[in-house]
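Asker:
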Amino acid sequence: MCGIFAVAGTADAAPLLMEGLTRLEYRGYDSAGLAVQQGSEIVVRKEAGKVSSLQGLLASDPVSGVTGIAHTRWATHGAPATVNSHPHVADGIAIVHNGIVENHAALRAELAARGARFVSQTDTEVIPWLVRMAMDKGAHPFKALNQAVARLEGSYAIAMMARETPGEIYATRNGSPLVAGLGDGCTCLSSDLNAMAGLADRAVALEDGDSARISANEIDIRDRAGRPVNRPLLEVPRASHAFDTGGHSHFMAKEIYEQPAVIDQINRLYRDRSLLDQLFSLDAARIRRINFVACGSSFHAASVARHWIQSMSGIECTVHVASEYRYEALPRIYPGEVAILVSQSGETADTLAALERLRRLGMPVIAIVNESGSTMARLADITLPLAAGPEIGVASTKAFMAQLVVMAHLSLHLALRQASPTITGRLRDHLLRLPALIDAALHNEPAVIEAASGLAGVSSALFLGRGPFQALAAEGALKLKETSYIHAEAFPAGELKHGPLALVDDAMPVFALAGSDDLRPKLASNLREVTARGGQVHVIGDRESMLSMADVASGMMTVPRAPEFIRPMVAAVPLQLLAYHAACVRGLDVDRPRNLAKSVTVE
Numbered sequence: 017m018c019g020i021f022a023v024a025g026t027a028d029a030a031p032l033l034m035e036g037l038t039r040l041e042y043r044g045y046d047s048a049g050l051a052v053q054q055g056s057e058i059v060v061r062k063e064a065g066k067v068s069s070l071q072g073l074l075a076s077d078p079v080s081g082v083t084g085i086a087h088t089r090w091a092t093h094g095a096p097a098t099v100n101s102h103p104h105v106a107d108g109i110a111i112v113h114n115g116i117v118e119n120h121a122a123l124r125a126e127l128a129a130r131g132a133r134f135v136s137q138t139d140t141e142v143i144p145w146l147v148r149m150a151m152d153k154g155a156h157p158f159k160a161l162n163q164a165v166a167r168l169e170g171s172y173a174i175a176m177m178a179r180e181t182p183g184e185i186y187a188t189r190n191g192s193p194l195v196a197g198l199g200d201g202c203t204c205l206s207s208d209l210n211a212m213a214g215l216a217d218r219a220v221a222l223e224d225g226d227s228a229r230i231s232a233n234e235i236d237i238r239d240r241a242g243r244p245v246n247r248p249l250l251e252v253p254r255a256s257h258a259f260d261t262g263g264h265s266h267f268m269a270k271e272i273y274e275q276p277a278v279i280d281q282i283n284r285l286y287r288d289r290s291l292l293d294q295l296f297s298l299d300a301a302r303i304r305r306i307n308f309v310a311c312g313s314s315f316h317a318a319s320v321a322r323h324w325i326q327s328m329s330g331i332e333c334t335v336h337v338a339s340e341y342r343y344e345a346l347p348r349i350y351p352g353e354v355a356i357l358v359s360q361s362g363e364t365a366d367t368l369a370a371l372e373r374l375r376r377l378g379m380p381v382i383a384i385v386n387e388s389g390s391t392m393a394r395l396a397d398i399t400l401p402l403a404a405g406p407e408i409g410v411a412s413t414k415a416f417m418a419q420l421v422v423m424a425h426l427s428l429h430l431a432l433r434q435a436s437p438t439i440t441g442r443l444r445d446h447l448l449r450l451p452a453l454i455d456a457a458l459h460n461e462p463a464v465i466e467a468a469s470g471l472a473g474v475s476s477a478l479f480l481g482r483g484p485f486q487a488l489a490a491e492g493a494l495k496l497k498e499t500s501y502i503h504a505e506a507f508p509a510g511e512l513k514h515g516p517l518a519l520v521d522d523a524m525p526v527f528a529l530a531g532s533d534d535l536r537p538k539l540a541s542n543l544r545e546v547t548a549r550g551g552q553v554h555v556i557g558d559r560e561s562m563l564s565m566a567d568v569a570s571g572m573m574t575v576p577r578a579p580e581f582i583r584p585m586v587a588a589v590p591l592q593l594l595a596y597h598a599a600c601v602r603g604l605d606v607d608r609p610r611n612l613a614k615s616v617t618v619e
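Quick note: the sequence shown uses this note's numbering, first residue 17, plus one each step.
#1: At 4 residues or longer, and completely inside the segment 424-510: list those alpha helix (DSSP H) runs for me, N to C.
#2: What does DSSP give as the partner residue(s) for residue 202 in the beta ladder?
#3: Who pairs with residue 234 in a beta bridge, going by DSSP?
#4: Could you tell me which of 549, 528, 454 and 32 sits nearest to residue 707, measuring between CA atoms?
#5: Between which two residues does the alpha helix (DSSP H) harbouring residue 286 extend?
#6: Thinking just about the alpha-carbon of each residue, which of 570, 125 and 355 is nearest to the one in residue 306?
#7: Name the residue from 400, 554, 405 and 409 whose alpha carbon lies nearest to the alpha carbon of residue 427.
#8: Got a sec, what are the start and stop residues for the beta strand (DSSP E) residue 18 sits in?
#9: For residue 576, which of 494, 567, 566 and 590 has the nearest alpha-carbon?
#10: Excluding sequence positions up to five away, which residues of its chain have a Cβ less than 7 Å from the Cβ of residue 536?
#11: According to DSSP, simplified to helix, strand and coil, what is residue 132?
#12: Suppose only complete runs of 4+ residues qualify. What are the alpha helix (DSSP H) ranges in the segment 94-171, listed by chain order?
#13: What span of residues does the beta strand (DSSP E) with residue 328 cover, start to end?
#14: Evaluate residue 482 with the Cβ neighbour count: other Cβ atoms within 10 Å of its Cβ, from every protein chain shown; 16 or more gives buried, anything less gives exposed.
#15: Less than 7 Å between the beta carbons of residue 89 and residue 74, yes or no?
#16: Would you tell me roughly how many angstroms separate the C-alpha atoms of residue 266 and residue 448, rounded to the nearest one?
#17: Given this structure, state the Cα-to-Cα distance separating residue 547 from residue 568, to the nearest angstrom.
#18: Would you check if there are 3 or more beta carbon pairs closer than 8 Å linking the segment 600-614 to the segment 416-427?
#19: Could you please give the first and the last residue of the uninterrupted alpha helix (DSSP H) stretch that includes residue 71?
#20: Return the Cβ separation of residue 450 and residue 556 in integer angstroms, given the expectation that the two are a contact with Cβ distance under 8 Å.
#21: Would you list the one or two residues that DSSP bridges to residue 246?
#22: Tell me the DSSP bridge mates of residue 87?
#23: Applying the 10 Å Cβ sphere with the 16-neighbour rule, what's the burial state of residue 130?
#24: If you draw a straight line from the C-alpha of residue 325 to the C-alpha of residue 431, how long is it?
#25: Hey, would you say residue 160 sits closer than 7 Å to residue 151, going by beta carbons?
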């Protein structure tokens, strides 16, 4: 959600800060700002709206200095307005903050009674005042920050400057990600490792309770008790094409088209069985129950994997929404029960809270995550990487596809105890064919564009599927909602007569996923109920499916014929393209939908 970027070095800080903020835009935000140490003063520039608006402000009113902190804000306490934007300043203390201060109201009242002068409606503004008042009692800024956060309830990642100590930045975290990186004459601090590409070559992730003192050539990290600690080094991505659209109009389009290469990379990675052989540390032969925990698109991917695992290995699987599971009353944990947590960022607040709970209960945890240096990757017993590379578009496409492919490999590995190596080998060969099939599905984009053109004035849409394709239907509805703001719902096709059929009229587009051969006649019957009531049915399926449903289809989006095991991945492509082109037709910001953030790091 919110983004932090800070630099201490020898070069002018403002251009570096702006580059960092630009790289953090994908996380979602509604205002941006920075503070730079300029001589003996800290100078602040901030603006509601896009990073480009802040850039315009700097062009007319520049700042100069080698040390600075910057922020993109996602409004929680206080409206999206310049006065509520970060950094917040209290008598020479500048703060940027990700997270929520839950006891801010009580702190605000106490600090106001002691002379603090508040100008915003944010929870963050109490932090610099707590620091200033600790410094007024003689504390060094680094110690004063730690004294201040000891009084906070909630989550936070904080970067701070004090006018008394030019050239230094202070930082701390609890429940919100923060990474420090060291480069050539420049030290960076960010909420996202990828934002440091090209600026730092070594990085460390702060752990909960850590604080850091940063200067141009040094990172001094202390644990909660104030003891110096060394955290594992992380690989900083090299500056690459990840932050440009690669000739496409939007990042979302670029990332959809990157999927064949991503799948090929995952297939090569998991050809080395050592990653999946980690499961033997959990005694894979004794796994009896798997609890998937995820949010959003990750939840839908896990729902598809549930079908694979139960059908191929006979292991019982459940899929839980993390925001509910973290509070749900849990029955006793049985021998052979494990959890698989799925997250693109590895920093999703609800999923991390579920992970902490499961660790306390003693349940082994497997993380499937894209960011190898994330909190989830560090805390899980076993981590299976997605290897999708940075995903900039808020609506997940290639990361969702990567989750499906990694969980397909996982499903095959678990199936070895039930199925013969010959059968699992044949299914693994299907995964090797998948990049070519995805590429073929992308070549059918004109049919998707035609379907999307009919959504310009639509207010609602319905998605239907059966078996694992009901999870794909849910993903298609989510994508359309995210990008085009069209209200969309998904249902198992067999549930139509239990309520959803009441929604159908001649203005309601219905998108049906024709996946399983066995269930195709059942789906065709369901769709005839829709057309009998004037519904406009768009079928997504292979040529054979189209021929069998020609009498009910108003429109068709054809995908190449694929083995049933990998059809969910192939079917995902037209759903992604539909959401993308629907947003384009409606003239919307495809990569940064309103009200949404890439990484949901607060509850």
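Virtual Cβ for every residue (Gly too), placed ideally from N, Cα, C.
Answerer: Based on what the coordinates show:
#1: Inside the segment 424-510, DSSP marks whole alpha helix (DSSP H) runs of 4 or more residues at positions 437-458, 461-469 and 485-500, from first to last along the chain.
#2: In the sequence shown, residue 202 corresponds to position 186, counting from 1. DSSP, once it has assigned bridges, lists 25 as partnering residue 202.
#3: Taking the sequence shown and counting its residues from 1, one reaches residue 234 at position 218. 231, per the DSSP bridge assignment.
#4: This structure cannot speak to residue 707, because the chain is shown only from 17 to 619.
#5: The residue given as residue 286 occupies position 270 in the sequence shown. In this chain, the alpha helix (DSSP H) harbouring residue 286 covers 275-287.
#6: Within the sequence shown, the letter at position 290 stands for residue 306. When only C-alpha atoms are compared, the closest one is 355.
#7: Along the sequence shown, read from residue 1 onward, the residue named residue 427 stands at position 411. 400 is the residue among 400, 554, 405 and 409 whose C-alpha sits nearest the C-alpha of residue 427.
#8: Taking the first residue of the sequence shown as 1, we reach residue 18 at position 2. Where residue 18 is concerned, there is no enclosing beta strand (DSSP E), given that its DSSP letter is neither H nor E.
#9: For this step, residue 576 is matched to residue 560 along the sequence shown. For the residues 494, 567, 566 and 590, the minimum Cα distance to residue 576 belongs to 590.
#10: Translated into positions along the sequence shown, residue 536 becomes position 520. Cβ neighbours of residue 536 beyond the five flanking positions: 530, 561 and 564.
#11: Against the sequence shown, residue 132 aligns to sequence position 116. Residue 132: coil per DSSP, three-state reduction.
#12: You should have 120-129, 142-151 and 157-165.
#13: Position 312 of the sequence shown, counting from 1, holds the residue named residue 328. Segment 312-329 is the alpha helix (DSSP H) holding residue 328; no beta strand (DSSP E) there.
#14: Against the sequence shown, residue 482 aligns to sequence position 466. Per the 10 Å Cβ criterion, buried.
#15: Numbered from its first residue, the sequence shown carries residue 89 at position 73. Numbered from its first residue, the sequence shown carries residue 74 at position 58. Contact flag unset, no.
#16: The residue given as residue 266 occupies position 250 in the sequence shown. The residue given as residue 448 occupies position 432 in the sequence shown. Straight-line Cα distance between these residues: approximately 28 Å.
#17: Position 531 of the sequence shown, counted from the first residue, corresponds to residue 547. Position 552 of the sequence shown, counted from the first residue, corresponds to residue 568. One C-alpha to the other measures close to 6 Å.
#18: No, the segment 600-614 does not touch the segment 416-427.
#19: The residue given as residue 71 occupies position 55 in the sequence shown. Its alpha helix (DSSP H) spans residues 67-76.
#20: Numbered from 1 along the sequence shown, position 434 holds the residue referred to as residue 450. Numbered from 1 along the sequence shown, position 540 holds the residue referred to as residue 556. With 8 Å as the limit, residue 450 and residue 556 do not qualify as a contact, their Cβ atoms being about 17 Å apart.
#21: In the sequence shown, the residue the question calls residue 246 occupies position 230. According to DSSP, residue 246 bridges with nothing at all.
#22: Residue numbering aside, residue 87 sits at position 71 when the sequence shown is read from its first letter. Residue pairing by DSSP places residue 87 opposite 20 and 49 in a beta bridge.
#23: Mapped onto the sequence shown, residue 130 falls at position 114. With a threshold of 16 other beta carbon atoms within 10 Å, residue 130 falls short and is exposed.
#24: One-based indexing of the sequence shown puts residue 325 at position 309. One-based indexing of the sequence shown puts residue 431 at position 415. If I take the Cα positions, the gap works out to 7 Å.
#25: As a working note, residue 160 is residue 144 in the sequence shown. As a working note, residue 151 is residue 135 in the sequence shown. Their beta carbons are under 7 Å apart, which means residue 160 touches residue 151 by this criterion.
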